[in-house]
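The structure under discussion appears below in the form of structure tokens.
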Amino acid sequence: MDPQRGSQQAAIPAQTSLSVPHTLRLSDSCSPNPFLSSTTGPAAPPQTPLLVPHTPQFSDTLSPSSLLSSTKKAKKQILVDNILRQLIDPASLVDPESTIKAIQDQLFNAALPPIPTLAPSSLVYEDEALELFSLRAGEPGLFDEIKPISTPQYLIDNLQRISCVTSPRRCKQSEEFSRMIIDQILVSALYEENEAQGHGKGKGQSNADDPDEPAKLQLVHEMPILKEVLHEGEKKMLSGYVDYTIWYDIRDKKSLATNLVIVEAKRAPLSLSAMAQLAAYMGVIHTTRKEKGKQNCLVYGLLSDGKNFVFSRINNDGVFRSSQVLDWMHPVQRDKIYTIMRFLLRAAALSSPSTSPIKDAGKRKVMVESFSSPARAELFDYGCGCSSFDDDDDVNQMEQMDEAE
Numbered sequence: 001m002d003p004q005r006g007s008q009q010a011a012i013p014a015q016t017s018l019s020v021p022h023t024l025r026l027s028d029s030c031s032p033n034p035f036l037s038s039t040t041g042p043a044a045p046p047q048t049p050l051l052v053p054h055t056p057q058f059s060d061t062l063s064p065s066s067l068l069s070s071t072k073k074a075k076k077q078i079l080v081d082n083i084l085r086q087l088i089d090p091a092s093l094v095d096p097e098s099t100i101k102a103i104q105d106q107l108f109n110a111a112l113p114p115i116p117t118l119a120p121s122s123l124v125y126e127d128e129a130l131e132l133f134s135l136r137a138g139e140p141g142l143f144d145e146i147k148p149i150s151t152p153q154y155l156i157d158n159l160q161r162i163s164c165v166t167s168p169r170r171c172k173q174s175e176e177f178s179r180m181i182i183d184q185i186l187v188s189a190l191y192e193e194n195e196a197q198g199h200g201k202g203k204g205q206s207n208a209d210d211p212d213e214p215a216k217l218q219l220v221h222e223m224p225i226l227k228e229v230l231h232e233g234e235k236k237m238l239s240g241y242v243d244y245t246i247w248y249d250i251r252d253k254k255s256l257a258t259n260l261v262i263v264e265a266k267r268a269p270l271s272l273s274a275m276a277q278l279a280a281y282m283g284v285i286h287t288t289r290k291e292k293g294k295q296n297c298l299v300y301g302l303l304s305d306g307k308n309f310v311f312s313r314i315n316n317d318g319v320f321r322s323s324q325v326l327d328w329m330h331p332v333q334r335d336k337i338y339t340i341m342r343f344l345l346r347a348a349a350l351s352s353p354s355t356s357p358i359k360d361a362g363k364r365k366v367m368v369e370s371f372s373s374p375a376r377a378e379l380f381d382y383g384c385g386c387s388s389f390d391d392d393d394d395v396n397q398m399e400q401m402d403e404a405e
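For what it's worth, full-length UniProt numbering labels the leading residue of the sequence shown as 1, then goes sequentially.
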């Protein structure tokens, strides 16, 4: 071999290593010696200085095996390279420690598997749902003491028409049929309550005309619910859709804390798992209201198959109570169902923040606390007359109801 030709071939790698700038790879930052090669032995260090300084804290806390595992190796490599490029200019690192910590968090979050989801419909027992939010079950018999008012005749007629044109048995046991019935009852109760509170005013009138006017409630369908919970010792994401929610601030849809009443429609017959699902949804709203610092964290719920109705409540102390099963086909129980719906809507509106706060201290106290006491329903105006809250006797009477409860 020509000695001169051999020396030219030997010089090629040296020239190449000097002309190509060194690119920092994940193996460089995580290896004890980034200049060691597994195939060619020790390699000459690059002639150009590295712009990314070696950070022992960063490299020591990262595990290549955890970041470059399975089939996601290429994706993780791209992620690491993109993040490290942000460190090329040391002048941009105003707070190096915080920057490194933020990058570590991003890398670890990208490497960790997602949190498993938990469907509320998968919960079997009521206690299982209550445990997710550290709630406890109370005595049954919610709303036993409420005095019923008459159900509007037009509502009774509408439901009878629906029943007449609907195929018997099979269709009437479906969730769709349940929704039709619940739609009629909710719309009627909301409309009558808004009318009783003066929300059906003419165009020339506004909320400012009445400084004591309660908030207007609105009905929302298919509201998504998402909350991280601890289930069976594992973090899970509780995820589902509520059939109906009653809001007091429709503009703030992103805040679950503006929900006051949760309604679930189920196919006949009602089951224990359906009650567990309702309790889970109510628990999310109750917990969210507490986290938002709400003074009133009460949440009411309704479970129905269109014929049977069960009402529930979580109070400020985290106690979950339910009513007896009420049958819409029974005239007395039908009136009670409608009365409870009107009570929930009225109490929710009065306890919600409105654009014009209630100025009278005694009246404000009665209205805010009314959401916790079903016995106060008989003092409310359901459109049949005006109830007075100006007298001290009314306040004292409601305080006595609290003591009786």
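Positions of the beta carbon are idealized from the N, C-alpha and C atoms, including for glycine.
Out of V299, E192, S273, Y300, the CA that lies nearest to the CA of A119 is found in S273.
Counting the other CB atoms within 10 Å of its CB gives T117 a total below 16, which places it among the exposed residues.
Using a C-beta cut-off of 8 Å, the stretch 334-345 makes contact with the stretch 145-155, since at least three inter-stretch Cβ pairs fall below that distance.
Taking the CA atoms as reference points, N194 sits about 22 Å from M223. In the pairwise beta carbon analysis, the stretch 154-166 is classified as touching the stretch 179-189: at least three pairs are separated by under 8 Å. Considering only W247, V263, Q218, Y281, the residue with the shortest C-alpha distance to S239 is Y281.
In this structure, the beta-carbon distance from D305 to A276 does not fall below 7 Å.
Check the Cα spacing between V325 and each of G283, K307, I285, A349: the tightest is with K307. Distance from the CA atom of G301 to the CA atom of L345, rounded to whole angstroms, is 11 Å.
Under the 10 Å beta carbon count, D243 is surrounded by 16 or more other beta carbons and is classified as buried.
The shortest C-alpha to C-alpha distance from L217 to any of V261, I225, H231, L226 is the one to V261.
One Cα belongs to L219, the other to K235, and the distance between them is close to 32 Å. Taking the Cα positions, I162 is about 8 Å away from M180. The continuous alpha helix (DSSP H) containing I182 extends over residues 175-196. Out of D317, E264, M329, the CA that lies nearest to the CA of K290 is found in D317. When secondary structure is reduced to three states using DSSP, V310 falls in the strand class. The C-beta separation of S323 from L135 comes to about 17 Å, leaving the pair out of contact by the 8 Å criterion. Within a 10 Å sphere around the beta-carbon of H286 sit 16 or more other beta-carbons, which makes this residue buried. Beta-bridge pairing by DSSP links H231 to E234.
Out of K294, L303, E139, the CA that lies nearest to the CA of D327 is found in L303. Beta-carbon to beta-carbon, F177 and G283 are separated by about 28 Å, too far to satisfy the 8 Å threshold. Partner residues in the beta bridge of Y241, as assigned by DSSP, are P224.
A268 carries a coil assignment under DSSP once its states are collapsed to helix, strand and coil. Residue pairing of F320 in beta bridges, as defined by DSSP: A137, I314. Of T166, L123, L270, the smallest CA-CA separation from F311 is found for L270. If the five residues before and after S174 are omitted, its C-beta is found closer than 7 Å to the C-beta atoms of R267, all from its own chain and listed in chain order. T117 carries a strand assignment under DSSP once its states are collapsed to helix, strand and coil. Annotation: V299 is outside any alpha helix (DSSP H); the continuous beta strand (DSSP E) that includes it extends over 299-304. The beta-bridge partner set that DSSP reports for V261 consists of I246, Y300. When secondary structure is reduced to three states using DSSP, Q218 falls in the strand class. Bounds of the alpha helix (DSSP H) holding Q333 are 331-350. Collapsing the DSSP output to three states places D327 in a strand. For Y154, the enclosing alpha helix (DSSP H) begins and ends at 153-165. In the three-state DSSP reduction, I149 falls in the coil class, being neither helix nor strand. By the neighbour-count criterion, in which a residue is buried when 16 or more other Cβ atoms sit within 10 angstroms of its Cβ, C164 is exposed.
The beta-carbon separation of A279 and A102, rounded to 39 Å, does not stay under the 8 Å limit for a contact.
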